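So the sequence shown is numbered by this note's numbering: it starts at 249 and just counts up by one.
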Amino acid sequence: MKKIYAILLLSLFILSQCKQNESNLLKTVTLKRQANEGVVAANGMVVTAHPIATKIGLDVLKKGGNAFDAAVAVKYALAVVLPKAGNLGGGGYLIYRTSDGEKGALDFRETAPAAASRDMFIEAKTDSVMKQKALLGHLATCTPGTVDGMDKIHKKFCTLPFQTLIQPAIDVAKNGFAISDYDAWTFNRAQKEFRKVNDSSMIFISKKPWKKGDSLIQNDLSKTLERIRDNGRDGFYKGETAQYVIDEINSGGGILRKEDLENYSSKWRKPIEGIYRDSFNIISMPPSSSGGIIIVQLLKGSNAYDFKEMGHNTSKTVHIMTELQRRAYADRAEHMGDLDFYEVPIEMLLDEEYIATRNASINMEKATPSSEIKAGKVDKIESLETTHFSIVDKEGNAVSITTTLVGYFGCKVLVDNAGFFLNNEMNNFSLKPGFPNIFGLVGGEANAIAPGKRMLSSMSPTIVEKNGDLFMVLGTPGGSTIINVNYQNIVNVIDHGMTMQEAVNAKKHHSQWLPDAIVMEEDALDSLTISKLKEMGHTSFRVVEQLGRTEAILIRPDGSYEGAADNKRTGDAIAGGY
Ligand code: DON
Numbered sequence: 249m250k251k252i253y254a255i256l257l258l259s260l261f262i263l264s265q266c267k268q269n270e271s272n273l274l275k276t277v278t279l280k281r282q283a284n285e286g287v288v289a290a291n292g293m294v295v296t297a298h299p300i301a302t303k304i305g306l307d308v309l310k311k312g313g314n315a316f317d318a319a320v321a322v323k324y325a326l327a328v329v330l331p332k333a334g335n336l337g338g339g340g341y342l343i344y345r346t347s348d349g350e351k352g353a354l355d356f357r358e359t360a361p362a363a364a365s366r367d368m369f370i371e372a373k374t375d376s377v378m379k380q381k382a383l384l385g386h387l388a389t390c391t392p393g394t395v396d397g398m399d400k401i402h403k404k405f406c407t408l409p410f411q412t413l414i415q416p417a418i419d420v421a422k423n424g425f426a427i428s429d430y431d432a433w434t435f436n437r438a439q440k441e442f443r444k445v446n447d448s449s450m451i452f453i454s455k456k457p458w459k460k461g462d463s464l465i466q467n468d469l470s471k472t473l474e475r476i477r478d479n480g481r482d483g484f485y486k487g488e489t490a491q492y493v494i495d496e497i498n499s500g501g502g503i504l505r506k507e508d509l510e511n512y513s514s515k516w517r518k519p520i521e522g523i524y525r526d527s528f529n530i531i532s533m534p535p536s537s538s539g540g541i542i543i544v545q546l547l548k549g550s551n552a553y554d555f556k557e558m559g560h561n562t563s564k565t566v567h568i569m570t571e572l573q574r575r576a577y578a579d580r581a582e583h584m585g586d587l588d589f590y591e592v593p594i595e596m597l598l599d600e601e602y603i604a605t606r607n608a609s610i611n612m613e614k615a616t617p618s619s620e621i622k623a624g625k626v627d628k629i630e631s632l633e634t635t636h637f638s639i640v641d642k643e644g645n646a647v648s649i650t651t652t653l654v655g656y657f658g659c660k661v662l663v664d665n666a667g668f669f670l671n672n673e674m675n676n677f678s679l680k681p682g683f684p685n686i687f688g689l690v691g692g693e694a695n696a697i698a699p700g701k702r703m704l705s706s707m708s709p710t711i712v713e714k715n716g717d718l719f720m721v722l723g724t725p726g727g728s729t730i731i732n733v734n735y736q737n738i739v740n741v742i743d744h745g746m747t748m749q750e751a752v753n754a755k756k757h758h759s760q761w762l763p764d765a766i767v768m769e770e771d772a773l774d775s776l777t778i779s780k781l782k783e784m785g786h787t788s789f790r791v792v793e794q795l796g797r798t799e800a801i802l803i804r805p806d807g808s809y810e811g812a813a814d815n816k817r818t819g820d821a822i823a824g825g826y
């Protein structure tokens with residue numbers, strides 16, 4: 249019901265704006281929306297996890313801002329309206345493609361503080377991993393990257409003043425907004441952990457349960473945002489805000505220091521690219537994310553199979569996808585980490601011959617147990633909460649951003665006086681070789697903790713070109729499942745001919761080498777398919793409520809945009825176009 253109401257409100261708003269702006273309608277395309285499509289629009293599309301953020305982004309596009317302007321405004325808006333993931337205290341990635349075809353990536357992933365060390369979460373006496381410490385509380389936090397990332401994006405691409413872009417977020421923080429059912433549910437769910445690591449006066453701690461319609465006013469956060477508005481990145485990494493962060497960290501025994509904040513710098517990187525089915529070029533995130541390499545490995549490996557003929561979510565298709573996935577995730581565990589610290593053998597991992605060798609061990613009829621799969625041999629190594637948004641403007645500039653605090657509300661510490669949550673990104677390092685993180689992912693040396701190092705991620709904001717033109721912009725949260733959800737969305741559109749909305753709605757499955765299991769959404773696979781997979785030797789199946797929460801845009805043949813928000817499951821995601 250809340251979803252219908254939100255969609256109705258947004259549509260009314262968009263309609264009224266369209267009327268005012270009729271003279272500005274820029275593209276003359278026929279906007280016939282098919283029933284199986286998402287939101288369709290000619291001039292711009294914003295798909296985010298929250299109606300207020302979508303509206304703020306759309307406003308920027310209508311005022312003449314480009315996709316990057318809208319992205320900065322959306323990012324700050326999400327920091328206010330999606331406190332569990334939106335974040336000033338976390339980090340993330342950008343993949344972009346400008347209207348003239350320039351592509352790039354920005355890595356604003358958090359870094360380990362200078363005082364971090366390889367075995368800091370290993371109890372010396374027992375050699376056991378203190379995994380709670382890397383999840384809850386101050387020690388779990390790494391140096392945040394979001395504000396520096398937005399600053400770099402603004403300086404390189406934006407056309408509107410930064411003050412204009414951040415102001416809507418400040419207004420919402422100051423004036424408050426009515427929380428949704430889903431917000432109330434997440435706030436209530438985290439109460440116990442909030443109380444463990446915050447004073448009882450912390451604004452998210454409530455004596456009576458939060459409920460839909462309660463107003464969330466965030467005064468401390470609005471002041472932090474004002475300092476960022478007035479001083480740029482220094483309003484966060486230096487001065488008053490930095491002092492609040494350090495006071496908070498010191499009060500709880502964390503290791504983040506002033507110098508870590510001052511020295512933080514996000515990095516422009518070269519995206520991972522690879523061809524799928526001859527015409528499609530996949531552009532995705534390089535390390536410190538594993539996402540781009542694995543998505544391209546999976547798609548290149550998939551080129552050898554005809555999924556269209558095999559059918560969507562049939563035993564044959566799921567079997568092949570699972571076999572490809574377990575091989576790729578084995579490579580992730582062994583070979584992937586922060587490029588600045590570890591030589592990730594990117595070329596080898598994406599090499600056609602290497603992929604063919606990996607494929608050669610796939611038996612069409614029989615599962616290979618993960619225990620028999622090892623990462624590929626390299627001769628020379630030359631190495632639960634996130635949010636994604638996708639934006640395309642009228643010129644065709646495309647922005648794909650995924651950001652995270654890791655767990656929902658990160659390490660659950662809200663910086664006193666500054667009003668934002670800190671990440672628990674320490675958990676994404678390999679705390680001890682072979683020890684699984686919260687997503688069950690294992691790793692080794694490549695992803696060991698080191699001062700200043702970025703922890704390996706699965707976040708994979710992605711853009712797809714078709715015959716050299718912009719075709720799709722997509723991404724999702726979901727920890728280790730992010731990669732496979734993106735992979736299946738791409739296959740769903742390209743091989744199975746789905747619209748963007750159908751692809752997003754389609755039930756997903758996931759496997760990741762270890763644990764050796766096929767995880768799936770309810771009804772993703774019917775019982776006959778599961779029995780056939782069992783006959784092939786796939787022994788372990790697990791149903792989860794949802795895999796991913798995709799926000800994606802597809803360019804239709806007439807040049808207009810189809811925005812698809814994942815609104816079949818929990819959350820308040822919504823697409824808005826004009
Ligand atoms: O970077 C990563 O891979 C994780 N920190 C992402 C966390 C995530 O997606 C949790 N959300 N649902």
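Where is the CB? At the ideal position from N, CA and C, for every residue including glycine.
As the structure is a prediction and not an experimental result, all values here were calculated from the model.
Beta-carbon distances below 6 Å to any heavy atom of the ligand DON define the shell here; list its residues in chain order, please. Leu632, Glu633, Thr634, Thr652, Val654, Asn676, Ser705, Ser706, Met707, Pro725, Gly726, Gly727, Ile730
What residues in its chain sit with their C-beta under 6 Å from that of Leu408, if we drop five residues either side in the sequence? Gly313, Asp317
Should Asn269 be labelled buried (16 or more other beta-carbon atoms within 10 Å of its own) or exposed? With a pLDDT of only 40 at Asn269, under 50, the local geometry of the prediction cannot be trusted, and no value is derived from it.
Any chance the stretch 546-553 sits against the stretch 594-611, with 3 or more Cβ pairs inside 8 Å? yes
Assuming contact is defined by CB atoms lying nearer than 8 Å, are Lys518 and Glu600 in contact in what I supplied? no
Can you tell me whether Val690 is helix, strand or coil according to DSSP? coil
Mapping DSSP to helix, strand and coil, what is Met612? coil
Mapping DSSP to helix, strand and coil, what is Asn529? strand
Could you tell me which residues DSSP puts in a beta bridge with Phe789? Ile766
To the nearest angstrom, how far is the alpha carbon of Ile711 from that of Thr359? 25 Å
Between Ile621 and the rest of its own chain, which residues show a CB-CB distance below 7 Å, the 5 nearest in sequence each way excluded? Arg574, Arg575, Ala578, Trp761
Taking 8 Å as the threshold (C-beta atoms), are Ile523 and Ile541 in contact? no
Arg790 versus Ser706 - alpha carbon distance: 21 Å
Is it the case that the Cβ atoms of Asp774 and Lys556 are separated by a distance below 8 Å? no
Does at least one heavy atom of the ligand FMN sit under 7 Å from the Cβ of Asn665? The ligand FMN is not part of the structure shown, which contains the ligand DON as its ligands.
Go through its chain and collect everything with a Cβ distance to Leu413's Cβ below 8 Å, but skip five positions before and after it. Val308, Gly313, Asp317, Val320, Ala321, Tyr324, His402, Cys406
Runs of 3 residues minimum, wholly inside the stretch 309-356: which ones carry the beta strand (DSSP E) assignment? 339-345, 351-356
Are the stretch 370-380 and the stretch 661-673 touching, with three or more C-beta to C-beta distances below 8 Å? no
If distances are taken between C-alpha atoms only, which option among Lys714, Gly688, Val741, Asp396 comes closest to Asn284? Val741
Taking the Cβ atom as the reference point for each residue, do Ala688 and Ser728 lie within a distance shorter than 8 Å? Reading off the sequence shown, one finds Gly at residue 688, where the question assumed Ala. The answer is yes: Cβ separation under 8 Å.
Which residue or residues does DSSP assign as beta-bridge partners of Lys303? None; Lys303 has no bridge partner.
Is it buried or exposed, Met612, if we count other Cβ atoms within 10 angstroms and call 16 or more buried? exposed
Using a Cβ-Cβ cutoff of less than 6 Å, which residues in the same chain neighbour Gly585 once the five nearest sequence positions on both sides are dropped? Ser631, Ala694, Asn695, Leu704
For the beta strand (DSSP E) that contains Ser638, what are its first and last residues? 633-640
First and last residue of the uninterrupted alpha helix (DSSP H) at Lys422: 410-423
Give every residue of the same chain whose Cβ lies closer than 8 Å to the Cβ of Lys581, excluding the five residues on either side of it in the sequence, and list them in chain order. Here residue 581 turns out to be Ala, not Lys, going by the sequence shown. Within the same chain, Ala581 has close Cβ partners Ala623, Leu689, Val690, Gly691, Gly692, Trp761, Leu762.
Which ranges would you report for the alpha helix (DSSP H) in the stretch 505-593 if only whole runs of at least 4 residues count? 506-511, 539-550, 555-558, 563-583
Which runs of the alpha helix (DSSP H), 4 residues or longer, sit entirely within the stretch 684-755? 730-742, 748-753
Using a Cβ distance threshold of 8 Å, determine whether the stretch 678-688 contacts the stretch 484-492, with at least three qualifying pairs required. no
Distance, Cα to Cα, Glu474 vs Gly658? 23 Å
Just curious, the alpha helix (DSSP H) that Ala283 is in, first and last residue? No alpha helix (DSSP H) contains Ala283, which DSSP labels as neither H nor E.
Output the boundary residues of the beta strand (DSSP E) element that contains Tyr809. 809-813
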